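FYI, full-length UniProt numbering numbers position 125 of the sequence shown as 125, with every residue one higher than the one before it. Cβ atoms here follow ideal geometry from the backbone N, Cα and C, with glycine treated the same way. For clarity, every value in this text was computed on a predicted model and none was experimentally measured. Okay, so here's the structure we're looking at.
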Amino acid sequence: MLEFDGLYKAYDSNQVLKGVSFTVAPGQMFGFCGSNGAGKTTTMRIAMGLARADAGQVRWSGQPVDEAVRRRIGYMPEERGLYPKMKVGEQLAYFARLHGMDAGPANRAAETWAERMGLGERRGDRVEKLSLGNQQRVQLAAALVSEPDVLILDEPFSGLDPVGVDSLAEALLEQCRRGVPVVFSSHQLDLVERLCDAVGILARGSIVASGTVAELRSTTAGRQLRVVVPDASPGWATGVPGARIVSEQRGDTVLELAPGTDDQQVLAAALATGRVTHFAWREPTLVELFRDAVTTPQEVAA
Ligand SMILES: Nc1ncnc2c1ncn2[C@@H]1O[C@H](COP(=O)(O)OP(=O)(O)OP(=O)(O)O)[C@@H](O)[C@H]1O
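Below, the structure written as structure tokens:
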């Protein structure tokens, strides 16, 4: 288990982290979300020993993460960290050696990962000659080349084209299948929703929502119903008891139903205004859950 336990961090008077706690199980893909400046990078940097927490601890398998443990962590920093003049293959082998691999296996792993990230033909090129997206792939390969026990990746998908996203996603899912806990930060919430078994949303210095996307959905305040009545008179749902109109656009209405409200009453009201072509409960997307979590004043721990 990778545990982030009660992390506090202030930069001068800016109290960035106020008790950040979450756990990532072996084989779990954890999406770490939060607005710009919420403290995701700071949290990851603390795990990697690049920033010091004022309080709290990061543990792996019950042990505080120290330099020896960090050698077993594949990390992708937000600021990236490649040597521009070094060739792709040499660079990957170098990172593998840094993590303790011998020369032979390091060279083989470099070859394998260059190939897997679609960089096979660029192995002999200097990194600075590559496009930004391809440099990103090298950076990812550098995090994966030592077959780490844990992966901590700061916005690994940013800047990748759809093919790059797919090859990285597949590589990460494979790591999860090997039992590696993977935590990555991202603003691409559709991707997080698609890939992650668990999500943590950081806001106001702590995790305000965490769990599977299904769990986050079950803790949202109201249930939403989408009703389409193409010929409806505007505002038809205004008088339906327990229903609040969230949006209404040319007969396409989203309603939030208070607990205990009978959806059949809503259906009857809809039928009374015209022909109903769509009537279904609507699952909030992660984007909507995120907006809700970062704007809700009280903290919602799941
Ligand atoms: N070295 C530093 N010195 C002073 N303040 C810092 C330092 N590093 C980060 N901060 C501040 O800490 C806060 C959190 O920044 P951080 O980079 O961790 O957020 P983030 O969630 O990763 O944001 P983003 O999504 O924009 O990358 C910000 O207010 C930032 O200005």
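- Residue pairing by DSSP places residue 99 in no beta bridge whatsoever.
- Distance from the CA atom of residue 158 to the CA atom of residue 200, rounded to whole angstroms, is 19 Å.
- In the three-state reduction of the DSSP assignment, residue 33 falls in the strand class, which pools E and B.
- Taking 3 residues as the shortest admissible run, the segment 35 to 72 contains the following complete beta strand (DSSP E) segments, listed from N- to C-terminal end: 55 to 60.
- With respect to residue 127, residue 87 sits close: the two C-beta atoms are nearer than 9 Å.
- Here the alpha carbons of residue 9 and residue 47 stand approximately 12 Å from one another.
- Within its own chain, the residues whose Cβ lies closer than 6 Å to the Cβ of residue 45, once the five positions on either side in sequence are excluded, are 51, listed in chain order.
- Distances taken from the Cβ of residue 202 to the heavy atoms of ligand 1 include one shorter than 8 Å.
- DSSP lists no beta-bridge partner residue for residue 238.
- Inclusion of residue 154 in the 8 Å shell around ligand 1 follows from its C-beta lying nearer than that to a non-hydrogen atom of the ligand.
- Residue 114 and residue 266 have their C-alpha atoms spaced approximately 57 Å apart.
- Looking at the DSSP output, residue 8 sits in a beta bridge with 18, 55.
- For residue 198, the closest of 136, 205, 176 by C-alpha to C-alpha distance is 176.
- The alpha carbon of residue 100 has as its nearest neighbour, out of 90, 70, 122, the alpha carbon of 70.
- Sequence-distant partners of residue 72 (beyond 5 residues in either direction) whose C-beta falls short of 6 Å from its own C-beta, in its chain, are 148, 149.
- Taken through DSSP and simplified to helix, strand or coil, residue 184 comes out as strand.
- Taking C-alpha positions only, residue 161 is separated from residue 132 by approximately 11 Å.
- Distance from residue 287 to residue 227 at the Cβ level is roughly 22 Å; contact not present, criterion being Cβ atoms closer than 8 Å.
- Contact check for residue 110 and residue 92: beta-carbon distance about 4 Å, within the 8 Å limit, so the pair qualifies.
- Taking 8 Å as the cut-off, one finds at least one heavy atom of ligand 1 near enough to the beta carbon of residue 11.
- Judged by DSSP secondary structure, residue 153 falls within the beta strand (DSSP E) whose first and last residues are 150 to 154.
- The Cβ atoms of residue 95 and residue 171 lie no closer than 9 Å to each other.
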